[in-house]
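Asker: Per my numbering, the very first residue in the sequence shown carries number 556; after that it's consecutive. Idealized CB from N, CA, C, for every residue including glycine. Values in this document were obtained by computation on a predicted structure and should not be read as measured data. Here it is, the structure, as structure tokens.
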Amino acid sequence: MDRLDIKLNEYFPGKVVRKDLLHEIKQTVNVPSFVLEFLLSRYCASDDPDEIEEGKKAVLQTIEKNYVKPDESNKAQALVEQKKRHKFIDKIHVKYVEREKRYWAEMENFGSKRIAINPQFYQKNEKLLESGIWAEVTLAYNEVQEDDYAFYVEDLRPIQIARFDAEKLFEGRKGFTTDEWIDVLIRSIGINPDWLATRSRSIKGDKDGMRLKYHILARFIPLVQNNYNSIELGGRSTGKSYFYSEFSPYSTLLSGGQASTATLLYNNQRKQVGAVGFWDNVAFDEVANMKIKDADTIQIMKDYMANGRFSRGQEVTGQASFVFVGNFDLNIPSIVNSYDHDLLATLPKAFDFAVIDRFYNYIPGWEIPKIDDSAYNNNYGMISDYLSEILHYLFDHNSNYLPVLNKYLKVGDNVEGRDSRALQKTVLGFLKLIYPVGEPTPEEFDDIVAYALEGRRRVKEQLNKRKPDEEYARINMSYVNKDGKKVVVWCPESKDSMATQDPRKTGDVEIAEEPQAPAARPTQAINISAEENPVENLQPSTPAENDIVSEAITDNGPKPKTLSIRYGDTGYSYDKLFAEYLEGAKSIELQEPYLSHGYQLQNLTRFAETIAKIGDCKKITLTTKMGDTIDDTKRIQDGLEQLKAALQDIDIDFEFTFSDLIHARYIITDNGWNISLDRGLHIYQNIGRNFYLMGYYDLDLRPCLETKIVYTKVD
556 MDRLDIKLNE
566 YFPGKVVRKD
576 LLHEIKQTVN
586 VPSFVLEFLL
596 SRYCASDDPD
606 EIEEGKKAVL
616 QTIEKNYVKP
626 DESNKAQALV
636 EQKKRHKFID
646 KIHVKYVERE
656 KRYWAEMENF
666 GSKRIAINPQ
676 FYQKNEKLLE
686 SGIWAEVTLA
696 YNEVQEDDYA
706 FYVEDLRPIQ
716 IARFDAEKLF
726 EGRKGFTTDE
736 WIDVLIRSIG
746 INPDWLATRS
756 RSIKGDKDGM
766 RLKYHILARF
776 IPLVQNNYNS
786 IELGGRSTGK
796 SYFYSEFSPY
806 STLLSGGQAS
816 TATLLYNNQR
826 KQVGAVGFWD
836 NVAFDEVANM
846 KIKDADTIQI
856 MKDYMANGRF
866 SRGQEVTGQA
876 SFVFVGNFDL
886 NIPSIVNSYD
896 HDLLATLPKA
906 FDFAVIDRFY
916 NYIPGWEIPK
926 IDDSAYNNNY
936 GMISDYLSEI
946 LHYLFDHNSN
956 YLPVLNKYLK
966 VGDNVEGRDS
976 RALQKTVLGF
986 LKLIYPVGEP
996 TPEEFDDIVA
1006 YALEGRRRVK
1016 EQLNKRKPDE
1026 EYARINMSYV
1036 NKDGKKVVVW
1046 CPESKDSMAT
1056 QDPRKTGDVE
1066 IAEEPQAPAA
1076 RPTQAINISA
1086 EENPVENLQP
1096 STPAENDIVS
1106 EAITDNGPKP
1116 KTLSIRYGDT
1126 GYSYDKLFAE
1136 YLEGAKSIEL
1146 QEPYLSHGYQ
1156 LQNLTRFAET
1166 IAKIGDCKKI
1176 TLTTKMGDTI
1186 DDTKRIQDGL
1196 EQLKAALQDI
1206 DIDFEFTFSD
1216 LIHARYIITD
1226 NGWNISLDRG
1236 LHIYQNIGRN
1246 FYLMGYYDLD
1256 LRPCLETKIV
1266 YTKVD
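In structure tokens form, the structure reads like this:
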């Protein structure tokens, strides 16, 4: 153990773990880091090598026996039925079902949304009613045939810390210098701070080796500062996505940038606040591919990013921060020296000036090196769950740190409205993170302000390059340092670039739709080959890839036709058959008489999934027949009620009625299409329960029955 290891164990006993053990086991199992660290702290709390080896075996055995893999939910349920009880490690949360007037537990990987739970468990652990918690849950099998549930919670022990003591944090922090505490934070997310410092010194002007450390600390800010908007674009394998998905149960990562108004902001059907009401931070991964297919979402996002509230029939408030992360594969010198392109060139086109202006900080991810084996911390660090509780506590507390901010912060020239807000929030985040107790020295405070102002300047420089007028031209922002002097802050990548510091203001300079030969410039030409300057080879992005769209409108559009499908044909999934005709439809009416068999309800669900993926529909109306018996009708009704609840979660209203008079099968949309279905939705051959047969999962590969579908355009 080195000196910092000794101090960590002294000031935070029971709250630290050897991070090399985490890396070692993480390579063999796909389990959240804070779950692994919980088990490591239980079984490997020793310095004895033999005891540690035995502890590692115990951790792996526990995971193998108790951790539920997402694709083994059926096996896990069968295990409980056969053994009558079993202990699992899984994420569990509790929902109140209004129509039943009772609470049900749901386990994420176990795959059941209808688990009975005693009130004592969620009364002791209120997080169960919020975003849920990871826990050791003993499930028992209910053998009472008359009951409407199969499983119940017999015991529950949270893996996450049940109670956080801020005073112990404050006392522990006093035992560390500023540099030591920064290294503690970086060690705690599994990175070796010495590795960062060595590489940071290779950056021009960073003699202290702190620049890369500040980049990593900046990733923490959305986790300690509410309603904070940040962006990081850079190379692959630098840990930006991993950071927001692994280290805190209060942060969520939306993969591929996919979101809807209902899931992200507000569900009108359920009258429920979305993710912004349940998470401290929402991170959007792969922001270049961001797809939000609700026309209102981008405008509502602007309102929320500006002031933490928006109107959705009623005023809704939230505290969650937004982080946008993505890859940036273009050559940085080429970009900053280009009059036509900027460092936000990979963002979706729908991210207009208003969205970009709401970014408080732009982390230059291209400066952060790839994380390799030499980057990992092999010493002690805080257990991720304890670290996440520290961050969550700081997220909810501003009052202790505002006096320090007001005491030291003095802005200079060109710091305008949103610039000032961005600067204050970024500095406040650093104060919380590095100085949860105490104050920085004047020199340390100047370093924080300079870094914060640089991050905001990077945002403003891109706005200035894009906008043809002078709205964002005042990019030379300054602050007043400890000596009372105004200091202008620059971005190192663009300081000497005329194209960035004084862009031509003769028109719209957003990224071009077609590659164009570079025009003559008023400054010295930059001789860059096509290979050296990948910007010149940029191809225009298609709306389906990059735009946030409300209606899918194509030049050709779908045409009326009659489609004859022969027996045994393949390649006719619901997506292929219907998607282009359903795009733009807000209301869809389906008449499908026959839903009495399980596979028929599955077909209906698959059709609903096609509608949901398109993202335009707000209402589905179904007319079907009752079953042959009372039990059949009840089974159909139960299935439709479950589908209704699932669709409500994504803000789609689903209504169904029964009629014994119907026979025809069709789809009618409010965008002008009438689709006649010869066999209804049930066009596929029955291949039984042969899980390994091609077409069992992918309907494009499923052989069809003979049928005819007629697509008619209605004025």
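(1) Could you please give me the residues that DSSP links to C1046 through a beta bridge?
(2) Output needed for V970: all residues of its chain with C-beta closer than 7 Å, excluding positions within five of it in sequence on either side, in chain order.
(3) With a 10 Å radius around its C-beta and 16 neighbouring C-beta atoms as the bar for buried, classify E619 as buried or exposed.
(4) Kindly list the residues whose CB is nearer than 8 Å to the CB of Y1149, restricted to its own chain and excluding five residues on each side of it in sequence; keep chain order.
(5) So, is D763 buried or exposed, given that buried needs 16 or more other C-beta atoms within 10 angstroms?
(6) Indicate the three-state DSSP secondary structure (helix, strand or coil) for T1117 in the structure shown.
(7) Kindly list the residues whose CB is nearer than 8 Å to the CB of L772, restricted to its own chain and excluding five residues on each side of it in sequence; keep chain order.
(8) For P674, write down the residues that DSSP places opposite it in a beta bridge.
(9) Indicate whether D1208 and T816 have their beta-carbon atoms separated by less than 8 Å.
(10) If I follow the unbroken beta strand (DSSP E) through W659, where does it start and stop?
(11) Which residues does DSSP pair with D1314 in a beta bridge?
(12) Please state the DSSP three-state secondary structure of M937.
(13) Consult DSSP for H770 and reduce its assignment to one of helix, strand or coil.
(14) Residues in its own chain within less than 7 Å of I923 by CB, not counting five upstream and five downstream?
(15) Given that a residue counts as buried once 16 or more other Cβ atoms are within 10 Å of its Cβ, and exposed if not, what is D1270?
(16) Can the beta-carbon of V1044 be found closer than 8 Å to that of L1008?
(17) Label S588 either buried or exposed according to how many other C-beta atoms from any shown protein chain fall within 10 Å of its C-beta, with 16 as the threshold for buried.
(18) Helix, strand or coil, according to DSSP, for I741 in the structure here?
(19) In three-state terms, what does DSSP make of D560?
(20) Given that a residue counts as buried once 16 or more other Cβ atoms are within 10 Å of its Cβ, and exposed if not, what is P625?
(21) How long is the line joining the alpha carbons of L751 and G760, rounded to whole angstroms?
(22) Cutting at 8 Å between CB atoms, please list the residues of its own chain near K925, excluding the five before and the five after it.
(23) Please determine, among G1010, T807, F731, Q780, the residue with the shortest C-alpha to C-alpha distance to F914.
(24) Compute the beta-carbon to beta-carbon distance between P1115 and Y1266, rounded to the nearest angstrom, for a pair I have assumed lies under 8 Å.
(25) How long is the line joining the alpha carbons of Y805 and V828, rounded to whole angstroms?
(26) Between L694 and V623, how many whole angstroms is the CB-CB distance? I'm expecting something under 8 Å.
(27) Give a yes or no on whether the C-beta atoms belonging to N680 and I688 are separated by under 8 Å.
(28) I'd like to check one pair, L577 with L591: are the Cβ atoms closer than 8 Å?
(29) Unbroken alpha helix (DSSP H) runs of length 4 or more, entirely within the region 590-621: which are they?
(30) Assuming D1002 is part of the alpha helix (DSSP H), what are its boundary residues?
(31) In the DSSP assignment, find the alpha helix (DSSP H) that holds E971 and state where it starts and stops.
(32) Could you please give me the residues that DSSP links to W1228 through a beta bridge?
(33) Pop quiz: T901 and G881 are said to be a contact at Cβ under 8 Å. What is the actual Cβ separation, rounded to whole angstroms?
(34) Which residues in the same chain as A861 place their Cβ atom closer than 7 Å to its Cβ, once the five residues preceding and following it in sequence are excluded?
(35) Can you name the start and end residues of the alpha helix (DSSP H) that T1160 belongs to?
(36) Given K1037, which residues of its chain have a CB within under 6 Å of its CB, disregarding the five upstream and five downstream residues?
Answerer: For this structure:
(1) In DSSP, C1046 forms no bridge with anything.
(2) L978, M1032
(3) With fewer than 16 other Cβ atoms from the protein chains shown falling within 10 Å of its own Cβ, E619 counts as exposed.
(4) Q1155, T1179, K1180, G1235, H1237
(5) exposed
(6) strand
(7) So the qualifying residues of the chain are I737, L740, I741, F985, L988, I989.
(8) Beta-bridge pairing links P674 to no other residue.
(9) no
(10) Its beta strand (DSSP E) spans residues 657-662.
(11) Only positions 556 to 1270 of the chain appear in this structure, which leaves residue 1314 out of reach.
(12) strand
(13) H770 falls in the helix class under three-state DSSP.
(14) For I923, where only same-chain residues beyond five positions count, the Cβ hits under 7 Å are L767, H770, G789, T793.
(15) exposed
(16) yes
(17) When all chains shown are included, S588 counts as buried.
(18) Reduced to three states, the DSSP call for I741 is helix.
(19) helix
(20) exposed
(21) Taking the straight line joining both Cα atoms gives about 15 Å.
(22) G790, R791, S792, T793
(23) Ranking the options by Cα distance to F914, first place goes to G1010.
(24) 5 Å
(25) 16 Å
(26) At roughly 10 Å, the Cβ-Cβ gap does not stay under 8 Å, so L694 and V623 are not in contact.
(27) yes
(28) yes
(29) Entirely contained in the region 590-621, the alpha helix (DSSP H) runs reaching 4 residues are, in chain order, 604-621.
(30) For D1002, the uninterrupted alpha helix (DSSP H) run begins and ends at 997-1021, by DSSP.
(31) No alpha helix (DSSP H) holds E971; DSSP gives it neither H nor E.
(32) K1268
(33) 6 Å
(34) R913
(35) 1153-1169
(36) P997, D1001
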